[in-house]
Amino acid sequence: MRIFYTVLLCLVLTINPFEFVSAEEACDTPKNESGVCIPLPDCKDLFQLLKKRPVTPASILYLQDSTCDVNGPQPRVCCPKPAGGKVEEKITPKPPPVKTEPTPEEKKPRPAPTTNDLLQQDITAHRSFNLLPNVSECGKSVNSDRIIGGQDAGLGVYPWMALLGFSADDEPVQYACGGTLINDKYVLTAAHCVTNLPYGYQLKVVRLGEYDQRTTQDCEQVESGSKVCAPPVQDMEIDKIIPHEDYDKQKSRENDIALIRLKKHAALGPFVSPVCIPHGEKLQKVNSKEGNRVIVAGWGRLAYDSPDSAPVLQYVKLGLVSMDECNRFYAHKENFGEYLDNGRFCAGGEEGMDSCKGDSGGPLMMPLRPRSLGGPIRIFQLGVVSLGPSRCGHAGQPALYSKISEFMTWILDNLHK
Numbered sequence: 004m005r006i007f008y009t010v011l012l013c014l015v016l017t018i019n020p021f022e023f024v025s026a027e028e029a030c031d032t033p034k035n036e037s038g039v040c041i042p043l044p045d046c047k048d049l050f051q052l053l054k055k056r057p058v059t060p061a062s063i064l065y066l067q068d069s070t071c072d073v074n075g076p077q078p079r080v081c082c083p084k085p086a087g088g089k090v091e092e093k094i095t096p097k098p099p100p101v102k103t104e105p106t107p108e109e110k111k112p113r114p115a116p117t118t119n120d121l122l123q124q125d126i127t128a129h130r131s132f133n134l135l136p137n138v139s140e141c142g143k144s145v146n147s148d149r150i151i152g153g154q155d156a157g158l159g160v161y162p163w164m165a166l167l168g169f170s171a172d173d174e175p176v177q178y179a180c181g182g183t184l185i186n187d188k189y190v191l192t193a194a195h196c197v198t199n200l201p202y203g204y205q206l207k208v209v210r211l212g213e214y215d216q217r218t219t220q221d222c223e224q225v226e227s228g229s230k231v232c233a234p235p236v237q238d239m240e241i242d243k244i245i246p247h248e249d250y251d252k253q254k255s256r257e258n259d260i261a262l263i264r265l266k267k268h269a270a271l272g273p274f275v276s277p278v279c280i281p282h283g284e285k286l287q288k289v290n291s292k293e294g295n296r297v298i299v300a301g302w303g304r305l306a307y308d309s310p311d312s313a314p315v316l317q318y319v320k321l322g323l324v325s326m327d328e329c330n331r332f333y334a335h336k337e338n339f340g341e342y343l344d345n346g347r348f349c350a351g352g353e354e355g356m357d358s359c360k361g362d363s364g365g366p367l368m369m370p371l372r373p374r375s376l377g378g379p380i381r382i383f384q385l386g387v388v389s390l391g392p393s394r395c396g397h398a399g400q401p402a403l404y405s406k407i408s409e410f411m412t413w414i415l416d417n418l419h420k
């Protein structure tokens with residue numbers, strides 16, 4: 004699944020044909036071709052993608068995947084070397100990573116995280132704890148039975164879902180990435196959704212209360228035959244974007260979590276309400292034939308080889324993956340090291356069932372019963388969609404999620420009235 008967006012840069016630049024580049028760092032393009040890391044305007048092949056009108060979603064995704072450095076005054080991209088041409092550069096090959104012998108603790112098998120692993124120890128003493136909604140007020144679905152029974156997502160089932168809207172200059176807003184409302188003022192998302200944006204782009208709006216992007220008002224037929232309609236969407240202006248200060252902007256994406264503070268309080272109701280995040284309260288798994296499965300929702304790409312995104316909110320149920328399997332898949336990738344940090348976990352890797360491009364920033368959830376409520380199901384967000392294989396939805400290729408329980412103190416530190 005993927006929500007894509009179109010870029011149109013209002014730049015009038017004349018670029019000479021790219022015949023050579025100065026000495027720059029070597030890199031591999033998204034197509035695994037040799038290239039060099041240079042400023043975008045200096046790369047004829049990639050800059051031409053922005054000069055074609057309209058710019059296609061596929062072009063924008065390719066530009067995002069081509070980004071190799073964001074630390075300078077402007078982003079640099081991995082520019083492919085001209086076919087048959089020479090690139091005048093002096094490239095110092097990177098030394099192979101130093102492999103250290105794992106400690107006895109690291110050699111121990113690491114199973115899939117349990118529900119308790121994904122929940123947080125008691126943080127009720129934190130000064131900002133009261134800014135989180137009580138479990139009686141969060142994670143409420145219009146129809147919780149749908150979530151447990153595995154039916155299609157429906158209107159009001161995930162009322163905390165948010166869409167992030169981006170634009171460059173005065174261009175129309177296009178929606179990419181998801182997020183979740185955690186109280187009436189803050190949205191939780193992934194850091195990579197709000198940093199290292201395509202050239203000239205900014206996060207402009209957060210949309211709440213969306214379900215079907217094709218309609219101006221979302222309605223649904225109920226069993227009685229009557230029609231239920233949600234209020235109009237709420238397009239919220241941004242007050243502040245707060246990516247994790249230690250977010251790794253390179254490929255490993257450690258600490259891939261961010262908060263968005265809204266300028267105004269969201270109007271809460273049945274179709275716009277916060278999700279629960281780990282409170283430290285005693286929780287019970289919901290008995291269901293699905294077992295220890297989790298839920299991912301979003302409007303992202305429906306298949307890895309299709310540019311089409313889902314206009315209607317989708318969800319999929321996934322299994323948690325052992326950290327050993329997670330490490331086996333990701334350890335060979337550049338910048339990941341041999342062991343993933345504790346702030347992430349894996350899920351999915353089942354044929355045809357996964358999160359995909361455009362779902363980034365959205366929630367990984369589990370229905371649980373807070374014991375203090377004595378029965379009602381609440382939906383808890385346990386993870387944030389971070390990244391995954393380019394061929395999402397393939398067996399043996401799980402996706403990575405930021406583990407919210409590891410960031411609860413950070414989240415509370417950054418919540419303010």
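Those letters in the sequence shown? Residues 4 to 420, per this note's numbering, in order. Here a beta-carbon is modelled for each residue, glycine too, at the ideal position from N, C-alpha and C.
Name the two residues that bound the continuous alpha helix (DSSP H) containing residue 233. That residue, residue 233, is in no alpha helix (DSSP H); it is neither H nor E in DSSP.
Element boundaries [beta strand (DSSP E), containing residue 348]: 347-351
By Cβ distance, which residues of its chain are closer than 6 Å to residue 161, with the 5 residues on each side in sequence left out? Excluding positions up to five away in sequence, the list reads 300.
Report yes if the CB atom of residue 33 is closer than 8 Å to the CB atom of residue 79, and no otherwise. Going by beta carbons, residue 33 and residue 79 fall outside the 8 Å limit.
Quick check for students: name the residue ranges of the alpha helix (DSSP H) that lie wholly in the stretch 198-262, counting only runs of 4 or more. none
Check residue 32 in the structure and name its three-state DSSP category. coil
May I ask you to report which of helix, strand or coil DSSP gives residue 420? coil
Starting from the C-beta of residue 126, find all residues in its chain whose C-beta is less than 7 Å away, skip the five residues before and the five after it, and write them out in chain order. Contacts found: 132, 283, 411, 412 and 415.
Cα-Cα separation, residue 183 to residue 329: 25 Å
Per the contact definition of three or more C-beta pairs closer than 8 Å, is the stretch 226-237 in contact with the stretch 247-258? With the cut-off at 8 Å, the stretch 247-258 and the stretch 226-237 do not touch.
Mapping the DSSP letters down to three states, classify residue 46 as helix, strand or coil. Looking at residue 46 - three-state DSSP - the assignment turns out to be coil, as it is neither helix nor strand.
Residue 97 classed as buried or exposed, judged by whether at least 16 other C-beta atoms fall within 10 angstroms: Confidence is the limiting factor: at residue 97 the pLDDT is only 46, short of 50, which leaves the residue's position unreliable, though a coordinate-based value still follows. It is exposed - the Cβ of residue 97 has fewer than 16 other Cβ atoms within 10 Å.
For residue 331: DSSP bridge partner residues: DSSP output for residue 331 lists no bridge partner at all.
Could you name the residues of the same chain whose beta carbon sits closer than 8 Å to that of residue 186, not counting the 5 residues immediately before and after it, in chain order? 134, 135, 136, 277 and 418
Helix, strand or coil for residue 431? Go by DSSP, reduced to three states. It is not possible to answer for residue 431, since the shown part of the chain is limited to 4 through 420.
Residue 345 versus residue 247: straight-line alpha-carbon distance, rounded: 15 Å
Let me know the secondary structure DSSP gives residue 25 once reduced to three states. Because residue 25 sits at a pLDDT of 32, beneath the cut-off of 50, its placement in the model cannot be relied upon, and the point is left open.
Quick one: what does DSSP say residue 165 is sitting in, helix, strand or coil? strand
Which whole-angstrom value is the C-beta distance of residue 207 and residue 176, which I expect to be below 8 Å? The pair is a contact, with the Cβ atoms about 6 Å apart (cut-off 8 Å).
Residue 127 - containing beta strand (DSSP E), residue span: Element bounds for residue 127: n/a, residue is neither H nor E.
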